[in-house]
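One rule links them: number in the numbering used here = place in the sequence shown (from 1) + 1. Notes for the one structure printed next.
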Amino acid sequence: MSPTRTPSPADPTAATGTSPLAQRRSGEFGAQALIVCDALVRVFRAGGVEVQALQGLDLLVGEGEVLAIVGASGSGKSTLLGILSGLDAPTAGRARLDGHDLAALRGAELVRYRRSSVGFVRQQSAKNLLPALTAAENVALPLALAGRGRRERAARAHELLGLLGLAEKADRRPAALSGGEQQRVSIAVALAGSPRVLLADEPTGQLDARTGDEVFAALRAVNESLGCTILIVTHDPTVAGQVQRAVAIRDGRISSETLRRDELDASGGTTTSEEEFAVLDRVGRLQLPAEFRDALRLEDRVRLTLEGDHVGVWPERPEPQPAADPEEPAR
Numbered sequence: 002m003s004p005t006r007t008p009s010p011a012d013p014t015a016a017t018g019t020s021p022l023a024q025r026r027s028g029e030f031g032a033q034a035l036i037v038c039d040a041l042v043r044v045f046r047a048g049g050v051e052v053q054a055l056q057g058l059d060l061l062v063g064e065g066e067v068l069a070i071v072g073a074s075g076s077g078k079s080t081l082l083g084i085l086s087g088l089d090a091p092t093a094g095r096a097r098l099d100g101h102d103l104a105a106l107r108g109a110e111l112v113r114y115r116r117s118s119v120g121f122v123r124q125q126s127a128k129n130l131l132p133a134l135t136a137a138e139n140v141a142l143p144l145a146l147a148g149r150g151r152r153e154r155a156a157r158a159h160e161l162l163g164l165l166g167l168a169e170k171a172d173r174r175p176a177a178l179s180g181g182e183q184q185r186v187s188i189a190v191a192l193a194g195s196p197r198v199l200l201a202d203e204p205t206g207q208l209d210a211r212t213g214d215e216v217f218a219a220l221r222a223v224n225e226s227l228g229c230t231i232l233i234v235t236h237d238p239t240v241a242g243q244v245q246r247a248v249a250i251r252d253g254r255i256s257s258e259t260l261r262r263d264e265l266d267a268s269g270g271t272t273t274s275e276e277e278f279a280v281l282d283r284v285g286r287l288q289l290p291a292e293f294r295d296a297l298r299l300e301d302r303v304r305l306t307l308e309g310d311h312v313g314v315w316p317e318r319p320e321p322q323p324a325a326d327p328e329e330p331a332r
């Protein structure tokens, strides 16, 4: 059985010891974080046109976090997951996971990284499982490819399927499993090599609400039992609302973060507080929510004022002038 890791706090500042701004100033940005994305850029070329999927994205993830990544289609969230999984490479910037510089990995080193440092769960379970193999055989397959012995493979498959509530389904092939069960087997396959990070791309996207809750409960059990850090790309507000930290990507950058904290109330019970923060990138850019821009008709240029303990953002519209007195002679 693989050793159990103790999850760390969900706050990335707690994971790294100092704030991102302080780390940048000291030249230590993300020194203690498990995952570091520093000014990450990814440019695709299609039909002679350049598309910037990531535009200087900064992100720190601490050991043991469960992080949701949300955003509209084309925002860059799946591109980010592709880079962290080793299936893609950044155009510029720095991506580091578990001490590995992802831009520098090549050949056998990249294969080892994919087998042992990260696990990847795709939205469609058919892309995660081989239909001719049983659930246990699917879980054991990555270990067989890594040269592990039969007894070790069987023990690991039994451990993971039991953790995910599928011990009685170990001998069934994917076609004999429900959609939620297939996705839980997919999670077990991704965990076979004891990765420190599990990446899940829309794991509940094709499931109904009840089954999606079961899959998310399985991910939470993995985090709590194994201490595995989990990044979930999702459109599902239910999933995003169940994690302690959710980041929103817009136009290839982190636009906001939502933090949830459990607190004791006056009666001794537990309540969950939720607060959304805008995110300043490394050069000071800030994305204002669309509802703010629309309400104040903010567009093109705006005025910024430093007002003691806050910054004011004002529309460029000129100040209204008093109406002229028609009886006053013109000057």
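Just so you know, even glycine gets a beta-carbon here, dropped at the ideal spot from N, CA and C.
Exposed or buried, which one is residue i when buried takes at least 16 other CB atoms within 10 Å?
i	result
S74	exposed
A296	exposed
S76	buried
G163	exposed
S179	exposed
Q207	exposed
K128	exposed
E66	buried
G31	buried
A177	exposed
D237	buried
R46	exposed
A23	Low confidence applies here, because A23 scores a pLDDT of 49, under 50, leaving its location unreliable; read the following figure in that light. The residue is exposed, with fewer than 16 neighbouring Cβ atoms inside 10 Å.
E153	exposed
T273	exposed
S268	exposed
Going by DSSP, name the residue or residues bridged to residue i.
i	result
L60	C38
D102	R97
A191	Looking at the DSSP assignment, A191 forms no beta bridge with any residue, so it has no partner.
E276	L260
P316	V303
F293	DSSP output for F293 lists no bridge partner at all.
Measuring only the C-alpha atoms, how far is residue i from residue j?
i	j	result
R116	R107	14 Å
A210	L58	31 Å
E182	L167	8 Å
A109	L146	13 Å
L281	L305	15 Å
V314	A171	59 Å
E276	H311	18 Å
F278	G72	15 Å
R26	R246	Low per-residue confidence applies at R26: pLDDT is 47, beneath 50, and the placement is therefore not dependable, though the value from the model is reported in the following sentence. About 25 Å.
G253	E64	24 Å
E292	V244	24 Å
E169	A219	16 Å
A16	L98	Low confidence applies to A16: its pLDDT is 48, below 50, so where it sits in the model is not reliable, and the reading given next is rough at best. Approximately 14 Å, taken between the alpha carbons.
P132	Q288	45 Å
T80	R294	28 Å
L103	R197	15 Å
L307	R286	16 Å
V44	L142	34 Å
From the DSSP output, in three-state form, read off residue i for me.
i	result
E51	strand
S179	coil
S257	strand
F30	coil
L220	helix
A23	Bear in mind that a pLDDT of 49 at A23, under 50, signals an unreliable position, so the number given afterwards is only what the model happens to contain. Of the three classes helix, strand and coil, the one that applies to A23 here is helix, per DSSP.
A90	coil
Using a Cβ cut-off of 8 Å (strictly closer), state whether residue i contacts chain B.
i	result
A189	Among the chains in the structure shown there is no chain B, since it carries only a single protein chain.
| message | Within 8 Å, do at least three Cβ pairs link the stretch 109-129 to the stretch 197-206? | response | yes
| message | Using 8 Å as the cut-off, can you tell me whether the stretch 181-191 makes contact with the stretch 135-148, which would need three or more C-beta pairs spanning the two stretches below that distance? | response | yes
| query | Does the stretch 253-264 come within contact of the stretch 217-229, defined as at least 3 CB pairs closer than 8 Å? | reply | no
| said: With three or more beta-carbon pairs closer than 8 Å as the criterion, would you say the stretch 80-95 touches the stretch 32-46? | reply: yes
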